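Enquirer:
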Amino acid sequence: MRLRNLPHANELVRNHPNFIPEPEEYKGRWSEYFQNTNPIHIEIGSGKGKFITTLAGQNRGINYIALERQVSVLAKLIRKIPGTGLKNLAVVNADAEFLPQFFSPGEINRIYLNFSDPWPKKRHEKRRLTNSRFLEIYKELLINDGMICFKTDNRDFFDYSIEQFELAGYLLVNVIYDLHNSHLVNDNVTTEYEERFIKQGLPIYALTARKDINMPKRPV
Ligand SMILES: C[S@@+](CC[C@H](N)C(=O)[O-])C[C@H]1O[C@@H](n2cnc3c(N)ncnc32)[C@H](O)[C@@H]1O
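For the record, in the sequence shown the residue sitting at position 199 is 220 according to the numbering used here, with numbers rising by one throughout.
Okay, structure coming up:
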């Protein structure tokens, strides 16, 4: 995602009450941060934040964590948090590589991957957020029966991801080739990228993968 550098983006993000400067401090203790034991759902690569701020507003009984590595984009997300605040949303500026430093095994109930960068070149395969390297990290951090919800506009990336989820032993619950013409559309919350693709009339591919308690453990 290319964005011109927002002036004061860093300051805006770092001074916001929903921003967590040292997420490693809450590893295994996110319930203390949120002051409840509600389920934890994280979005990796939240971008400008329409999806996660909407969900956090709709579902006060779920704790949401937005993870985004670009601070200039996070500034846009922060601006979507209403003045009245969202107590069930935490915002983290970091790369997904560091997830094991922020969460204990079994601490996450659900992971959202929305329009993740497809990294089409073979030599960049390991950067894809559905590469087996990441799927093994997610597996460790998700509760048994935890879910990963993935959406993309890129058919090659979708097919690749299905293969990776299956190889990593996840159970594919839903595999949808045209989300906006499916029965799941009514419950769907759109992202900024998704809105753009819908306007272009492009199909959105979506899947839900479940951590199977019997799944094999493979080296990362
Ligand atoms: C194509 S954008 C999609 C943004 C948003 N999810 C949407 O659908 O509108 C991908 C976003 O993921 C972020 N991102 C990519 N790789 C990441 C990683 N390894 N860790 C954290 N964020 C990442 C990028 O900075 C970018 O904002």
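Beta carbons are placed, not taken as given, at the ideal position from N, Cα and C, and that holds for glycine.
Predicted model only: the values in this text are computed from it and were never measured.
1. For LEU200 and GLN56, what's the separation of their Cα atoms in angstroms?
2. Suppose you measure from the CA of THR58 to the CA of SER52; what does that come to, to the nearest Å?
3. Could you spell out where the alpha helix (DSSP H) holding PHE218 opens and where it closes?
4. Starting from the Cα of PHE155, find the closest Cα among ILE169, LEU223 and ARG144 and give me that residue.
5. Which class does GLU128 belong to by DSSP, given the choice of helix, strand or coil?
6. Can you grab the Cα-Cα spacing for the pair ASN165 / LYS220, in whole Å?
7. By a C-beta neighbour count over all protein chains shown, 10 Å radius and 16 as the cutoff for buried, is ILE41 buried or exposed?
8. Cβ of GLN91 versus every heavy atom of ligand 1: is any distance shorter than 7 Å?
9. Excluding the 5 residues preceding and the 5 following VAL92 in the sequence, name in chain order all residues of the same chain whose CB lies nearer than 6 Å to its CB.
10. Measuring CB atoms only, is the segment 124-134 touching the segment 89-104, in the sense that at least three cross pairs come out at less than 8 Å?
11. If LYS71 sits next to THR212, beta carbons under 8 Å apart, how far is it from one beta carbon to the other, in whole angstroms?
12. Following a CB-centred definition, is THR173 positioned closer than 7 Å to any heavy atom of ligand 1?
13. What's the gap between the Cα of GLU157 and the Cα of GLU45?
14. If GLY104 sits next to PRO38, beta carbons under 8 Å apart, how far is it from one beta carbon to the other, in whole angstroms?
15. Leaving out five residues on either side along the sequence, give the residues of the same chain with a beta carbon under 7 Å from the beta carbon of ASN202.
16. Could you give the first and the last residue of the continuous beta strand (DSSP E) run that contains ASP166?
17. Within 10 angstroms of its Cβ, does ILE81 collect 16 or more other Cβ (buried), or is it exposed?
18. For the alpha helix (DSSP H) holding THR75, just list the boundary residues, first then last.
19. Measure the C-alpha to C-alpha separation of GLU215 and GLY78 and round it to an integer number of angstroms.
20. Suppose you measure from the CA of GLU118 to the CA of ASP138; what does that come to, to the nearest Å?
Expert: So, from the data block:
1. In the sequence shown, counting from the first residue as 1, residue 200 sits at position 179. In the sequence shown, counting from the first residue as 1, residue 56 sits at position 35. Cα to Cα, LEU200 sits roughly 35 Å from GLN56.
2. Within the sequence shown, residue 58 is the residue found at index 37, counting from 1. Within the sequence shown, residue 52 is the residue found at index 31, counting from 1. So the alpha carbons of these two residues sit roughly 5 Å apart.
3. As a working mapping, residue 218 is identified with position 197 in the sequence shown. Where PHE218 is concerned, the enclosing alpha helix (DSSP H) stretches over 213-220.
4. The residue you call residue 155 lines up with position 134 of the sequence shown. Answer by Cα proximity: ILE169.
5. Taking the first residue of the sequence shown as position 1, residue 128 is located at position 107. GLU128: coil per DSSP, three-state reduction.
6. Start at 1 with the first residue of the sequence shown, and residue 165 comes out as number 144. Start at 1 with the first residue of the sequence shown, and residue 220 comes out as number 199. For ASN165 and LYS220, the distance between alpha carbons rounds to 37 Å.
7. One-based indexing of the sequence shown puts residue 41 at position 20. ILE41 comes out buried.
8. Here residue 91 is taken as the residue at index 70 of the sequence shown, counted from 1. Within the cutoff, so yes.
9. As a position in the sequence shown, residue 92 is number 71, starting the count at 1. Taken in chain order, the residues that qualify are ALA30, ASN31, VAL34 and ASN114.
10. no
11. Numbered from its first residue, the sequence shown carries residue 71 at position 50. Numbered from its first residue, the sequence shown carries residue 212 at position 191. Right, the Cβ-Cβ distance comes to about 6 Å (below 8 Å), so this counts as a contact.
12. Stepping through the sequence shown from its first residue, residue 173 is reached at position 152. Not under cutoff, so the answer is no.
13. The sequence position of residue 157 within the sequence shown is 136, counting from 1. The sequence position of residue 45 within the sequence shown is 24, counting from 1. Using only the alpha carbons, I get a separation of about 20 Å.
14. Walking along the sequence shown from the start, residue 104 turns up at place 83. Walking along the sequence shown from the start, residue 38 turns up at place 17. That pair is no contact at about 11 Å.
15. Taking the first residue of the sequence shown as position 1, residue 202 is located at position 181. Same-chain partners within the cutoff: there are none.
16. As a first step, residue 166 must be located in the sequence shown, where it is residue number 145. From DSSP, the beta strand (DSSP E) with ASP166 extends over 163-173.
17. Here the question's residue 81 lines up with position 60 in the sequence shown. In the sequence as displayed, the identity of residue 81 is Arg instead of Ile. The residue is exposed, with fewer than 16 neighbouring Cβ atoms inside 10 Å.
18. Working through the sequence shown from its first residue, we reach residue 75 at position 54. Here the alpha helix (DSSP H) through THR75 covers 71-79.
19. Counting from 1 along the sequence shown, the entry for residue 215 is found at position 194. Counting from 1 along the sequence shown, the entry for residue 78 is found at position 57. One C-alpha to the other measures close to 19 Å.
20. The residue you call residue 118 lines up with position 97 of the sequence shown. The residue you call residue 138 lines up with position 117 of the sequence shown. Approximately 15 Å between the Cα atoms of the pair.
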